[in-house]
Structures are given as structure tokens and as C-alpha cells.
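Since the structure comes first, as C-alpha cells, the remarks are kept for the end.
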Amino acid sequence: SQKIEQNSEALNIQEGKTATLTCNYTNYSPAYLQWYRQDPGRGPVFLLLIRENEKEKRKERLKVTFDTTLKQSLFHITASQPADSATYLCALDGQGAGSYQLTFGKGTKLSVIP
Amino acid sequence: DGGITQSPKYLFRKEGQNVTLSCEQNLNHDAMYWYRQDPGQGLRLIYYSQIVNDFQKGDIAEGYSVSREKKESFPLTVTSAQKNPTAFYLCASSTQGSNQPQHFGDGTRLSIL
Numbered sequence: 124s125q126k127i128e129q130n131s132e133a134l135n136i137q138e139g140k141t142a143t144l145t146c147n148y149t150n151y152s153p154a155y156l157q158w159y160r161q162d163p164g165r166g167p168v169f170l171l172l173i174r175e176n177e178k179e180k181r182k183e184r185l186k187v188t189f190d191t192t193l194k195q196s197l198f199h200i201t202a203s204q205p206a207d208s209a210t211y212l213c214a215l216d217g218q219g220a221g222s223y224q225l226t227f228g229k230g231t232k233l234s235v236i237p
Numbered sequence: 079d080g081g082i083t084q085s086p087k088y089l090f091r092k093e094g095q096n097v098t099l100s101c102e103q104n105l106n107h108d109a110m111y112w113y114r115q116d117p118g119q120g121l122r123l124i125y126y127s128q129i130v131n132d133f134q135k136g137d138i139a140e141g142y143s144v145s146r147e148k149k150e151s152f153p154l155t156v157t158s159a160q161k162n163p164t165a166f167y168l169c170a171s172s173t174q175g176s177n178q179p180q181h182f183g184d185g186t187r188l189s190i191l
């Protein structure tokens, strides 16, 4: 069956360092992958989308990579700030290419320590 | 401002009672979704609708029902058949197309009295 794993439930990092979050998947052939941020008691907010034919995508201090051979996406936040503390979710098109549905990972809770 | 509004923020249900969660969007999105989020678990899809008057079951539809009579509205009813309804419920919407970002409301937390 299809499976998504975000390798850490929680990640603590010092302010100013680069945070790297991992999303691995098995039994999938996703056409794209999305990353969301979720604050406590709030809905997720879309951050970035990367397609299977893209190796890397950047937006301000955020960078996402997508390696379809390793079946892995890495999400980087450079020069991290306490305001970056949140849970980060990865999501893939759960039913294969062309699907409206997303399948979400359980998330990684990032804490940036001043 | 455009967005998705979920109400109420907190909802309490008695055993054997049906409750309806509201979701309204003014983003002019065709597609709408309902998810359930439990502690330590990812979002799980309950129902989704790609167009008015049409909807499909997601992975955990049992004990839930929806309607899509208007483009802006996608209410979710948690029926008494749902044996473990306590959870955080999230509504989302997106434009047509398979790789569109989803825009979420701020959720309704349902608890059983």
C-alpha cells in the first residue's frame, strides 16, 4: 500500500541554522509533491509545490528538492527564525498522476530555539 | 479577503446525535474537501467534491455525509454511525486541476459529551 513517512516527529534547531525536513514515500509514483505549514489550532497553509520533472524549487528562505529515484523530498529553511516554528506537512497526489486527492504525511514539528 | 470559513470553531456532540459542520469559501474554487486530523496522524480525506452536485468518498467516509448544492458551500454531517467522531475537522478548496494547492479553513474541533 502507499505510504508516506516524515522521518522526524520533532526537530529542534538553533536560530540562524538551516532546518532540513525529510519526506519519504513508498509504493507511489507521484506527479508532484506539496509542502504545507500548520500552526497549532489552525489549518495548513500551502508553501511550495514541486513536480516530478523538477529537481529543486526555491521561495525566499525555503528550498525543496524532489528525488524520484530515492523516493524522497527534502525541505530546507535557511537562516531559521523562531517564527518558523510550526508543523510542516508533505503531501503527494495519492492516487497517481492526475488525481485531485492529496495524501498527507504525519508532519514534522519544527522548533527554532533563540 | 478571500478565504474559507469553518464554523463553529468548537462543537460538542451527545451520543447518538448528528451534527453538521459548516464550510464556506469565497475563492470561487470548484473543488472542495473534508479532512479529519487526529493527534499523531496525518490528514485523512473524508469526502471531496470536484463540482456542484457531485462528490466522492475519500478514505474514511463511513459515518459521514456531505452535500454540494452551491459552489461556495460544502457542509459535513457527522452521523451517529461514526463511532469515534472526536477529532479536528478541516475543510479545504482548490481550483480545477490535479496539481493545485489546497486552501484550508481553520478547522472545527468536535468533542463528545
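So the protein sequences, as listed, match chains C and G. If you number the first sequence the way the numbering used here does, the last residue is 237 and the count never jumps. If you number the second sequence the way the numbering used here does, the last residue is 191 and the count never jumps. Glycine included, each C-beta is placed from N, C-alpha and C at the ideal position.
- prompt: What is the DSSP secondary structure of Asp162/C, counted as helix, strand or coil?
  reply: coil
- prompt: Roughly how many angstroms separate the alpha carbons of Leu193/C and Tyr148/C, rounded to a whole number?
  reply: 9 Å
task: Give me the Cα-Cα distance between Lys180/C and Arg174/C, rounded to the nearest whole angstrom.
output: 9 Å
message: Once the 5 residues before and after Ala209/C are set aside, which same chain residues still bring their CB inside 7 Å of it?
response: Arg160, Gln161, Asp162 and Leu233
query: What whole-angstrom Cβ distance do Gly185/G and Gly166/C have, given they're in contact under 8 Å?
result: 5 Å
The region 102–121 of chain G contacting the region 151–168 of chain G, beta-carbon criterion three pairs below 8 Å: yes
field: Any C-beta of chain C under 8 Å from that of Gly100/G
entry: Gly is not the amino acid found at residue 100/G; the sequence shown has Ser there. Output row for Ser100/G: interface = no.
field: Residues near Asn130/C in its chain [Cβ-Cβ closer than 6 Å; skip 5 each side]
entry: Thr145
- prompt: Taking Cβ-Cβ distances below 9 Å as the criterion, which residues of the region 178–190 of chain G are in contact with chain C?
  reply: Gln178, Pro179, Gln180, His181, Phe182, Gly183, Asp184, Gly185 and Arg187
- request: Note down, in chain order, each residue of its chain lying with its Cβ closer than 8 Å to the Cβ of Glu147/G, except the 5 sequence neighbours on either side.
  value: Val130 and Asn131
- prompt: What residue does the beta strand (DSSP E) around Glu85/C start on, and which one ends it?
  reply: The displayed coordinates of chain C run from 124 to 237. Any statement about residue 85/C would go beyond what the structure contains.
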